[in-house]
Structures are given as structure tokens and as C-alpha cells.
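Under the UniProt record's numbering, the first residue of the sequence shown is numbered 1, with each subsequent residue one higher.
We put the CB at the ideal spot given by N, CA and C, even for glycine.
Owing to the predicted nature of the structure, the values given are computational and were not obtained by experimental measurement.
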Amino acid sequence: MKTLEKISALAGKYFAILVIIAAVISFIFPSAFLVFGSFITLLLGVVMFGMGLTLKPVDFKLVITSPLPVIIGIAAQYLIMPLVAFGIAYLLRLPAELAAGLVLLGSVPGGTASNVMVYLARGNVALSVAMTALSTMLAPVMTPLLLYLFAGQWLPVNPVAMFLSIVQVIIIPIILGFLVQRFFPVAVEKSIAIVPLISVTAILIIVTAVTAANAPNVASAGALVFAAVFLHNSFGLFLGYITARLLGLDENDRRAISIEVGMQNSGLGVSLATTHFSPLAALPSVWGAIWHNISGPIIATIWANKSAEKDKDDVKFKKVT
């Protein structure tokens, strides 16, 4: 078990590198990974079950005790990201499937990796966890609605079918995970350290499946899609921070909201795009899975270093006074 725990820790630490390696290998040898395409929904359910194992009632406490930052963050997430995706799709004149896929990436809830990034950035982790949990619970309503409003012009959107898909692949696994943790706490406590390994493995398989299915499209449109995802993520991080600042939130809250707004649940985007649109529409979410786990550590490191410098300055000031 200790060996698995070490492997799990390493998998979480080098997740971005592993995603890139998986994408490159499946691009070079697509036929070896096409078989995994039919398991995408199941694999995402496994990831969400793992999220449910880690959720506790206290994670929602902030929604009641200090609701304003949570409300601001959720509103920013579900307003900024789909609107920015819509604008980028128009400016870059993305083909219909890619445009709808980018809007889909902007309409899904925050990703679980954002909590780790906020912790590394010395932001408000409690706010980050509350935003991830609440935005995920709101996803069955918000994601289909936003897609219907902003992506319907490119591809037909069935909000009811998408609502049911999100409930099946997100809400039910999370509830099951929460219940297992609630009624079997000792067993969960002993095995929780290897949950990241299972989640990382599931996401890597999802990435290989979609990359393999899109191998010709990656070669022809990969750079354009990456540019769109890069701009989308950058605007999300920037506008999330600015929104929190303009509304008077402190620095820790700004960092949490910035990262939560900028980092999406790319796995859900892949699953929904594959199920309701096409493999090509899943390509923005695949690039999102890669880039979000590169930009997140970068911004977290910058902010962590700023905090470290401030701490040093505070110590020097106290010694002088």
C-alpha cells in the first residue's frame, strides 16, 4: 500500500507531464487506443466517485457562513468562461464542432485539480473547495442551459439529454462516493491516498481515447485549437482575479476565484462532447486537460513566491520595529 501511495503522489505531482506523454503516444499510435473510446463516460464516473470520497459536509459550510465570495466566484465562472469561449470562437472563426466544443469547455464546472493549485498559490482553499463542489452540483442545470444559449447556433443542443448525462456521470457517482465515505470511513481513510492514482489513470485513458479518435484533426487543427484554449484559460484567470478585486475581496479570495474560473472540468467536457456532439468537439477539452495543468502550476508558483517575499518583508519589518 505504501508503494501505491508513493506512486499516487508522483502521479498527482507530474500529472501535466503524464497527460502530454499520453497524448503524444496516442497521437503516434492511435489504433492502439481507439478501443478506450467506449469507456470515457465510465472512466469519468470513476473520477467523480473519487471526488465524492473526499467531500465532507464542512466543504459546503462556507456557502452558509460566508456566501458572498462563493456567489461571486460561481457567478464569475458561469458568466465569464462561456462568454469568453463564445467570443474567441467567433474571432478565430472556428469550425462549428470546434466552436461548440470550446463553448462546452467554458460551460462545465471547475475541475478538482484547481483545489491543489489554490493551495500551492496560498489562496483560500476553503473557498476553492466550496466553489468546485457547488459549481459541480449546479452543472446539470447550468451547463446544458449555457450550451443551448451560446452553442446552439453551431450544433443542435438537447438540454434534457445533457442534463440526464451530467446527473449520471457526475452527480450520482459523487453521491455514491460521499455515501461510501460516510458509512465506511475507516476503509476510505486507509485507501484515500491511492484515489489520485486512480483518477489520474482514468483521465490519462480518456485523453488517449479522444486524441486517438482525433489524430488527423490534431495534425490539421491542433495549433488553432490550442491557441483558442490558451486564450480562453488566460482570460479566465485574468478576469476572475479582476472581478474579485473590483468587488472588494481580499488577495487570498482573488487567487482562489481566479484559478477556479480559469480551470475547468475538462474530463466532463470530453465526455459530453463525445456523447452529444462528436470526437472533434471534444478536442478543446483535451487541450484544456493538458494546458490547464500547465498554466495552473505556473500561476500558483508565481503567487506562492510573491507570498514568500511578502512574508520575508514582514519579518524584516517586525525586527526593525
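Between which two residues does the alpha helix (DSSP H) carrying residue i extend?
i: Arg-182; result: 172-183
i: residue 329; result: Past the edges of the chain, shown from 1 to 321, lies residue 329, and the structure says nothing about it.
i: Ile-88; result: 67-91
i: Ile-242; result: 215-246
i: Asn-158; result: Looking at the DSSP string, Asn-158 is not in any alpha helix (DSSP H), and its letter there is neither H nor E.
i: Ser-114; result: 113-120
i: Val-167; result: Note, Val-167: premise wrong, no alpha helix (DSSP H); not H, not E.
i: Ala-139; result: 125-150
i: Gly-52; result: 40-54
i: Leu-98; result: 96-107
i: Ala-281; result: Careful: Ala-281 lies outside any alpha helix (DSSP H) and carries neither H nor E.
i: residue 410; result: It is not possible to answer for residue 410, since the shown part of the chain is limited to 1 through 321.
Verify whether the separation of the beta carbon atoms of residue i and residue j is less than 8 Å.
i: His-232; j: Ala-85; result: yes
i: Ser-128; j: Gly-296; result: no
i: Ala-228; j: Pro-284; result: yes
i: Val-210; j: Ala-151; result: no
i: Gly-236; j: Ser-266; result: no
i: Ser-135; j: Gly-110; result: yes
i: Ala-23; j: Ile-290; result: yes
i: Leu-224; j: Leu-83; result: no
i: Trp-154; j: Ala-193; result: no
i: Ile-166; j: Pro-140; result: yes
i: Met-117; j: Ile-259; result: yes
i: Trp-303; j: Ala-130; result: no
i: Met-162; j: Leu-147; result: yes
i: Ile-171; j: Gly-50; result: no
i: Val-200; j: Phe-27; result: no
i: Leu-94; j: Leu-102; result: yes
i: Thr-132; j: Thr-112; result: yes
i: Leu-69; j: Leu-249; result: With the sequence shown as reference, residue 69 is identified as Pro, and Leu is not the correct amino acid for it. It is a contact, given that the beta carbons lie within the stated cut-off.
Could you tell me how far apart the beta carbons of residue i and residue j are, in whole angstroms, since I believe they sit closer than 8 Å?
i: Ile-203; j: Val-108; result: That belief does not hold up - the Cβ atoms of Ile-203 and Val-108 are roughly 14 Å apart, past 8 Å.
i: Leu-62; j: Ala-126; result: 5 Å
i: Gly-123; j: Asn-252; result: 5 Å
i: Leu-145; j: Pro-159; result: 7 Å
Can you tell me whether residue i is buried or exposed, with buried defined as 16 or more other CB within 10 angstroms of its CB?
i: Gln-264; result: buried
i: Leu-53; result: buried
i: Arg-255; result: buried
i: Leu-246; result: exposed
i: Leu-164; result: exposed
i: Ser-31; result: exposed
i: Pro-57; result: exposed
i: Pro-216; result: exposed
i: Ile-88; result: buried
i: Ala-187; result: exposed
i: Ile-174; result: buried
i: Tyr-78; result: buried
Identify, in the order they occur along the chain, each residue of the same chain with its Cβ nearer than 7 Å to the Cβ of residue i, setting aside the five sequence neighbours on each side.
i: Ser-271; result: Ile-40, Thr-41, Leu-44, Val-169
i: Ala-76; result: Gly-240, Thr-243, Ile-257, Val-261
i: Phe-178; result: Gly-52, Leu-55
i: Lys-306; result: none
i: Ala-221; result: Leu-98
Only counting the same chain, and skipping five residues up and downstream in sequence, which positions put a Cβ closer than 6 Å to that of residue i?
i: Val-315; result: For Val-315, the pLDDT reaches just 46, beneath the cut-off of 50, and the residue's location in the model is therefore unreliable, leaving the point undetermined.
i: Ile-205; result: Phe-36, Leu-43
Cutting at 8 Å between CB atoms, please list the residues of its own chain near residue i, excluding the five before and the five after it.
i: Phe-317; result: Summary for Phe-317: the model assigns pLDDT 43, below 50, so the residue's position carries little reliability, and this model does not support an answer.
i: Leu-34; result: Ala-209, Ala-212, Ala-213
i: Val-286; result: Ala-23, Val-207, Val-210, Thr-211, Asn-214, Ser-266, Val-270
i: Val-19; result: Ile-203, Leu-204, Val-207, Ala-289, Ile-290, Asn-293
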